[in-house]
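There are 2 protein chains.
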Amino acid sequence: MSLIFSRQCEYALQAMLYISAQEPGKFTNINEISERLDIPMPFLGKTLQLLVQDRILSSLKGPRGGFKLAKDPSEIALFHVVDAIDGTDFLTSCVLGFPECSTKTPCPMHQEWGGLRDRVFQMLANKTIADISKEITDSKQLRTKLKLG
Amino acid sequence: MSLIFSRQCEYALQAMLYISAQEPGKFTNINEISERLDIPMPFLGKTLQLLVQDRILSSLKGPRGGFKLAKDPSEIALFHVVDAIDGTDFLTSCVLGFPECSTKTPCPMHQEWGGLRDRVFQMLANKTIADISKEITDSKQLRTKLKLG
DNA sequence: CATATATCAGACATTTCTATCTGAATATTA
DNA sequence: TAATATTCAGATAGAAATGTCTGATATATG
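In structure tokens:
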């Protein structure tokens with residue numbers, strides 16, 4: 002199977018979008034998120050804990066507890082979320098799996114893949130949670146997809 | 002971990018490049034390929050069998066046996082190899098993992114990711130084994146990387 | 001203060017991917 | 001024809017990713 006993000010990373014991104022679409026500052030619990038987005042609850046819990054450790058989310062235990070954004074959504078790029086879960090190996094590792102692959106000793110796809118990888122990085126680095134949150138607000142389709150009101 | 006191709010697909014692509022750089026029509030055995038490219042031999046065997054089943058390689062048992070390209074290298078796009086090993090789900094599946102994601106019901110990254118995915122596909126579909134084979138012939142660096150003479 | 005509700009931490013289970021093993025089938029060569 | 005070298009097929013093993021369970025800890029609320 003070829004893919005870009007691990008399943009755990011997909012869950013993290015989905016949950017971030019869901020949380021970002023809530024009333025700012027409100028804590029959202031994983032029970033609600035896992036039901037709405039159909040993500041296994043304990044696994045989602047572990048996943049969001051990673052985001053808390055990376056200061057992307059903050060959490061509160063107990064009744065009315067849950068998760069909220071730890072900073073302004075305009076300061077959270079998608080790349081931060083991907084980095085917290087999957088890391089950044091994809092930026093440097095060889096697309097063909099050659100252990101030594103660099104500008105000096107490139108693999109046959111090095112050049113072309115480098116260009117595509119840069120575009121992916123630019124997109125992840127430039128797109129913030131605030132950007133997407135606005136898109137969601139403006140689009141009924143997106144609210145439906147995220148099972149929002 | 003985020004990646005594009007499975008490890009098995011990386012092995013397949015590496016082996017295809019190695020085979021394509023050999024004298025045309027000559028059978029190359031997996032013992033040689035696995036040693037040169039540092040790929041586990043039994044796993045490489047299973048992998049190349051998939052390419053034989055897809056008519057990308059042809060094989061011969063017995064002494065002097067091995068694998069060779071099943072057709073002209075200009076007719077084998079990288080995409081065919083990827084398709085044989087990893088399949089084509091990445092062309093249609095949602096980058097955020099939403100089960101239903103299409104132009105009509107897009108996820109927040111649908112548009113931007115679509116463009117990048119198309120570029121990846123174009124690259125894989127346009128680039129043939131012959132193209133890369135030529136690059137390898139013309140570059141001492143690449144011959145070194147593939148452990149060729 | 002007691003109770004209920006949440007995250008959190010660590011162990012455990014399951015599934016998927018990667019890797020190995022064994023022997024059968026087939027072709028070359030002497 | 002015998003010996004050898006190779007792919008091929010199927011079973012098994014190991015590793016990594018995903019998913020589950022149990023209980024501890026913290027917080028809100030009556």
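Just so you know, the sequences run in chain order A and B.
Per our numbering, the very first residue in the first sequence carries number 2; after that it's consecutive.
Per our numbering, the very first residue in the second sequence carries number 2; after that it's consecutive.
Using N, Cα and C, we set each Cβ at its ideal position, and we do this for glycine too.
A quick note: this is a predicted structure, and the numbers were derived from the prediction, not measured.
Can the beta-carbon of phenylalanine 28 of chain B be found less than 8 Å from the beta-carbon of glycine 67 of chain B? The residue given as residue 28 of chain B occupies position 27 in the second sequence. The residue given as residue 67 of chain B occupies position 66 in the second sequence. Yes, the pair counts as a contact, with Cβ atoms nearer than the cut-off.
Hey, could you find the ends of the beta strand (DSSP E) lysine 69 of chain B is sitting in? In the second sequence, counting from the first residue as 1, residue 69 of chain B sits at position 68. That run of the beta strand (DSSP E) goes 67-70.
Leaving out five residues on either side along the sequence, give the residues of the same chain with a beta carbon under 8 Å from the beta carbon of proline 41 of chain B. The residue given as residue 41 of chain B occupies position 40 in the second sequence. Excluding residues within five positions, the ones whose Cβ falls inside 8 Å are Ser35.
In terms of alpha-carbon separation, which member of A:Gln15, A:Arg118, A:Trp114, A:Ser21 lies closest to aspartate 73 of chain A? On the first sequence, residue 73 of chain A is found 72 positions in, with the first residue counted as 1. Aspartate 73 of chain A has its Cα closest to that of A:Ser21, out of A:Gln15, A:Arg118, A:Trp114, A:Ser21.
Please list the terminal residues of the continuous beta strand (DSSP E) segment that includes serine 75 of chain B. Within the second sequence, residue 75 of chain B is the residue found at index 74, counting from 1. No beta strand (DSSP E) holds serine 75 of chain B; DSSP gives it neither H nor E.
Mapping DSSP to helix, strand and coil, what is leucine 117 of chain A? Numbered from its first residue, the first sequence carries residue 117 of chain A at position 116. Helix, per DSSP.
Looking at leucine 92 of chain A: is its Cβ nearer than 8 Å to the Cβ of phenylalanine 122 of chain A? The sequence position of residue 92 of chain A within the first sequence is 91, counting from 1. The sequence position of residue 122 of chain A within the first sequence is 121, counting from 1. The answer is yes: Cβ separation under 8 Å.
Rounded to the nearest angstrom, how far is the Cβ of leucine 14 of chain B from that of leucine 97 of chain A, given a contact under 8 Å? Sequence index remark: in the second sequence, residue 14 of chain B carries index 13 (1-based). Sequence index remark: in the first sequence, residue 97 of chain A carries index 96 (1-based). Indeed, because the Cβ distance is near 5 Å, the residues count as touching under 8 Å.
Excluding the 5 residues flanking threonine 129 of chain B on each side, which residues of the same chain have their C-beta closer than 8 Å to its C-beta? Residue mapping note: residue 129 of chain B aligns to position 128 of the second sequence, counting from 1. Excluding residues within five positions, the ones whose Cβ falls inside 8 Å are Pro74, Ser75, Glu76, Ile77, Ala78, Leu79.
Who are the Cβ neighbours of threonine 145 of chain B in its own chain at under 6 Å, not counting the five residues just before and after it? What you label residue 145 of chain B is simply residue 144 of the second sequence in a count that begins at 1. Contacts found: none.
I'd like to know if the stretch 94-112 of chain B and the stretch 128-142 of chain A are in contact, where contact means that at least 3 CB-CB pairs between them fall below 8 Å. yes
CB leucine 117 of chain B to CB arginine 120 of chain A, shorter than 8 Å? Sequence index remark: in the second sequence, residue 117 of chain B carries index 116 (1-based). Sequence index remark: in the first sequence, residue 120 of chain A carries index 119 (1-based). Cβ atoms of leucine 117 of chain B and arginine 120 of chain A: closer than 8 Å.
Could you confirm whether any beta carbon from chain B is found closer than 8 Å to the beta carbon of methionine 42 of chain A? Indexing the first sequence from 1 puts residue 42 of chain A at position 41. Chain B contact via Cβ: absent.
Ordered along the chain, which non-local residues of its own chain (more than five positions away) have a Cβ less than 8 Å from that of leucine 18 of chain A? Along the first sequence, one-based indexing puts residue 18 of chain A at 17. Ile130, Ile133, Ser134, Ile137, Leu147, listed in sequence order.
Going by DSSP in three states, serine 7 of chain A sits in which element: helix, strand or coil? Within the first sequence, the letter at position 6 stands for residue 7 of chain A. Serine 7 of chain A falls in the coil class under three-state DSSP.
For the stretch 100-116 of chain A, which residues have a beta carbon sitting closer than 9 Å to at least one beta carbon of chain B? Pro100, Glu101, Cys102, Lys105, Thr106, Pro107, Cys108, Pro109, Met110, Glu113, Trp114, Gly116
Does leucine 58 of chain B pass the burial test, meaning 16 or more other C-beta atoms within 10 Å, or should it be called exposed? Counting from one through the second sequence, the residue named residue 58 of chain B turns up at place 57. When all chains shown are included, leucine 58 of chain B counts as buried.
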